[in-house]
Amino acid sequence: MPELSDRLMALLFIAAEPVDIASLAIALETTAEAVSGGLDGLASQLEGGPLRLSRHHDRYCLVTATEHSDDVRRLLQAEAKTELSRPAMETLAIIAYRGPVTKASIDALRGVASDTMLRNLRQRGLIVEQGTADEPGRPQLYAVSHTFLQQVGLTSLDQLPPLPGPESQTNEA
Amino acid sequence: MPELSDRLMALLFIAAEPVDIASLAIALETTAEAVSGGLDGLASQLEGGPLRLSRHHDRYCLVTATEHSDDVRRLLQAEAKTELSRPAMETLAIIAYRGPVTKASIDALRGVASDTMLRNLRQRGLIVEQGTADEPGRPQLYAVSHTFLQQVGLTSLDQLPPLPGPESQTNEA
Amino acid sequence: MTFSVSAPAFEGPLGLLLDLAEKGKIELTAISVSSITADYLERVSVMSDLEPDELSDFLRLGSRLLYIKSLALLPREAADEQAEELQRLTLELAEYRRYQQAARTLSGRLGAQTWNRSAVTKLPTEELPMPDLSLTILQEAFSRALKRAVPLAGGSTLDQELTQDEVMGRLKQRIETGGFALSEVLDAIIDRYEIILTFMALLELLKSGEAIVAQTGQFGPIMIEAAHARA
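Chains as they are written, first to last, in the working numbering: chain A, 1 to 173; chain B, 1001 to 1173; chain C, 2001 to 2231.
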């Protein structure tokens, strides 16, 4: 069995948001006290390395140490500058025209799982989460962001060019 | 100035998607060679800890070590285990070992048409289209995805267990 | 949409043939092909849930077996062709078998997976969506404060010129300097008018995303903080 501090680090690494001690204790099948001690251990273990343990209102997450902030900024700039891939543009178009829309609908339209794509677009600030759908499981709805509209030079979604109609199909008939 | 391997770790921690060496070199204002060496250093530095360096299609990311998979699953309340049918796994094995590979080659090896299977595997994000073959008709090539590698707990294709040799046939003779 | 043949015993025709050969410890030879062909066709005939496409794949291999078998009935010249066909099928089976075994090894690895950060979109949480929660908490806190406060008295010394902008400015300043407990602010106000202004200003700040409401536990103090302090 790996060390508790290593197990905590693995969990905090994959968590997208700060996690509370209770959730960590459940995942590790141990007590809140043990987790608390383990977090202290992890914090000192991380000293001198590139990551730090950050605590905010009893929720914990990993963050990069401040000395890496310039590197990180350059990487994010480089990522933001790289052009959107075709799949990303395709996903964005679906969200723009069909949004607010669930991941399941996007997946169905594209024929592939869109998790990574959605995360990427969210990170670039091009899409936002907008409430949940009135369906079983209340799935998250996605919509394009203000940033997206600004980047494509629109002031509102109404200005989107009309979607090519299915009539192009019937031309041949 | 922190160690290069630490700087790489900070960047890989932040990056939304697997990153290529070129982007890392830009962010770190250094050469691709230096980054490549730094990544080797990072990989060995991570050994024994909770994280691993994963490489696929020349992109790198950090992943949790396999011994933490149950903890993570409990935290995420993820499904116990990905269920893959025998035919699905067989198709994946062919694509993993032979990829990038065309549908025709997969069909020939399996003795069945794999259309539905390929569509399903793509939809689940387990395979990706990777260019086209240099053959008449330029058929689509398929490769396994990073998601697939993660599901079977590998950090790169090099780690695939060796393909059983054809010699086992002659054992009985 | 079905992901595969429903719970199939065999990956496909080659899987079935391989299974028959291995179970019977039979090698594909000119002599054994006859009996294995019969077995094979019998098994295919009882596979009831095959889709037409799948059935045709099984039958294609069946017809190859029948062809090899039939060559034995022909004069000697056919023997070479039979040997060739047999060898081709044997090689295909051997190649197929390698991947079948590899697939089993990989299946065994499925439990222990690695996770990367981008695989995770959001932690499952039982919390209500943040905006609603904030609003409920705030509304409760403010209605308590309103009950305690005095209605605006005509001739009071209170600052009646107070505007929402001013209240907003004060709140922003406190947020920028590390946030505050809501009770600290509310307890200091005795005027209903100012409480209402404060409530509205806070709503504005929450809506614009400049501030967030945080509460530790169900009965902990309600904290108002800068949104970027969390990032």
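Just so you know, even glycine gets a beta-carbon here, dropped at the ideal spot from N, CA and C.
Provide the residue span of the beta strand (DSSP E) that contains residue i, from first to last.
| i | result |
| --- | --- |
| C:M2223 | I2222 to A2226 |
| B:S1054 | L1051 to H1056 |
| B:L1141 | Q1140 to V1144 |
| C:Q2087 | Counting along the chain, C:Q2087 falls outside any beta strand (DSSP E), though it belongs to the alpha helix (DSSP H) covering E2077 to G2108. |
| A:I127 | I127 to T132 |
| A:R59 | R59 to T64 |
| C:V2213 | A2211 to Q2215 |
Between residue i and chain A, is the shortest Cβ-Cβ distance under 8 Å, so that the two count as touching?
| i | result |
| --- | --- |
| C:R2170 | no |
| B:A1015 | yes |
| C:A2214 | yes |
| C:R2174 | no |
| B:D1071 | yes |
| B:R1052 | no |
| B:R1086 | no |
| B:G1037 | no |
| C:V2120 | In this predicted model, C:V2120 has a pLDDT of only 49, less than 50, meaning its place in the structure is not dependable enough to derive any value. |
With 8 Å as the threshold, decide whether the Cβ of residue i is near any Cβ in chain C.
| i | result |
| --- | --- |
| B:Y1142 | no |
| B:P1139 | no |
| B:P1161 | yes |
| B:G1048 | no |
Spatial neighbours of residue i within its chain, please: CB distance less than 7 Å, with the 5 preceding and 5 following residues excluded, ordered by chain position.
| i | result |
| --- | --- |
| B:E1029 | none |
| A:A104 | P139 |
| C:A2162 | Rather than Ala, the amino acid found at residue 2162 of chain C in this sequence is Leu. These residues qualify, in order along the chain: E2194 and L2197. |
| B:A1043 | L1053 |
| C:A2214 | M2223 and E2225 |
| A:P87 | M117 |
| A:G99 | Y142, A143 and V144 |
| C:M2200 | Q2164 |
| B:L1012 | V1019, Y1060, C1061 and L1062 |
| C:D2053 | none |
Could you compute how far the alpha carbon of residue i sits from the alpha carbon of residue j?
| i | j | result |
| --- | --- | --- |
| C:G2179 | B:A1025 | 39 Å |
| C:G1967 | B:Q1045 | With chain C covering only 2001 through 2231, there is no way to say anything about residue 1967 of chain C. |
| C:R2043 | C:E2051 | 15 Å |
| A:V101 | C:I2224 | 32 Å |
| B:T1132 | B:V1112 | 21 Å |
| A:Q123 | A:S145 | 11 Å |
| B:L1051 | C:A2112 | 14 Å |
| C:L2055 | C:E2077 | 33 Å |
| A:I14 | A:D6 | 13 Å |
| A:S156 | A:E90 | 19 Å |
| C:I2189 | A:A65 | 41 Å |
| A:G38 | A:T31 | 11 Å |
| B:P1018 | B:I1095 | 21 Å |
| C:Q2173 | C:N2116 | 39 Å |
| C:Q2101 | B:D1040 | 32 Å |
| C:K2069 | C:L2106 | 36 Å |
| C:A2145 | C:A2227 | 24 Å |
| B:L1160 | B:L1149 | 9 Å |
| A:V128 | B:I1021 | 29 Å |
| B:A1010 | B:L1121 | 33 Å |
| B:L1092 | C:I2026 | 28 Å |
| A:C61 | C:D2049 | 51 Å |
| A:H68 | A:H56 | 21 Å |
| C:P2075 | A:R110 | 58 Å |
| C:D2191 | C:T2177 | 25 Å |
| B:G1165 | A:S85 | 40 Å |
| A:P136 | A:L76 | 36 Å |
| C:R2109 | A:Q130 | 38 Å |
| C:G2169 | A:R73 | 31 Å |
| C:V2046 | C:D2057 | 15 Å |
For residue i and chain B, any beta-carbon pair shorter than 8 Å?
| i | result |
| --- | --- |
| C:R2088 | no |
| A:R74 | yes |
| C:Y2067 | no |
| C:L2014 | yes |
| A:A78 | yes |
| C:D2159 | Its pLDDT being 49, under 50, C:D2159 is placed unreliably by the model, and nothing is read from it. |
Ends of the alpha helix (DSSP H) at residue i?
| i | result |
| --- | --- |
| A:L11 | L4 to I14 |
| B:T1116 | D1115 to Q1123 |
| A:I106 | K103 to R110 |
| A:L157 | Segment: none, A:L157 is in no alpha helix (DSSP H) and carries neither H nor E. |
So, at 8 Å on beta carbons, what are the nonlocal neighbours of residue i in its own chain, with the 5 sequence-adjacent residues on each side left out?
| i | result |
| --- | --- |
| C:L2093 | L2014, L2017, L2018, A2021 and L2028 |
Any Cβ of chain D within less than 8 Å of the Cβ of residue i?
| i | result |
| --- | --- |
| B:Q1045 | Note that chain D does not occur in the displayed structure, where the protein chains are A, B and C. |
Legend entry - Members of the region 55 to 69 of chain A near chain C, C-beta cut-off 8 Å: Across the region 55 to 69 of chain A, CB contacts with chain C closer than 8 Å involve H56, H57 and D58, in sequence order along the chain.
Inset, instruction - Closer than 8 Å, Cβ to Cβ, to anything on chain B: give me those residues from the region 89 to 116 of chain A, in chain order. - result: Under the 8 Å Cβ criterion, the region 89 to 116 of chain A contributes D107, G111, V112, A113, D115 and T116.
Inset, instruction - Name, going along the chain, the residues of the region 1003 to 1031 of chain B whose beta-carbon falls closer than 8 Å to a beta-carbon of chain A. - result: So the list reads D1006, R1007, M1009, A1010, L1011, F1013, I1014, A1015, A1016, E1017, V1019, S1023, L1024, I1026, A1027, L1028 and E1029, given in the order they occur along the chain.
Inset, instruction - Return the residues of the region 2090 to 2117 of chain C that lie within a Cβ-Cβ distance of less than 7 Å from chain A, sorted by chain order. - result: Per Cβ criterion, the list reads W2115 and R2117.
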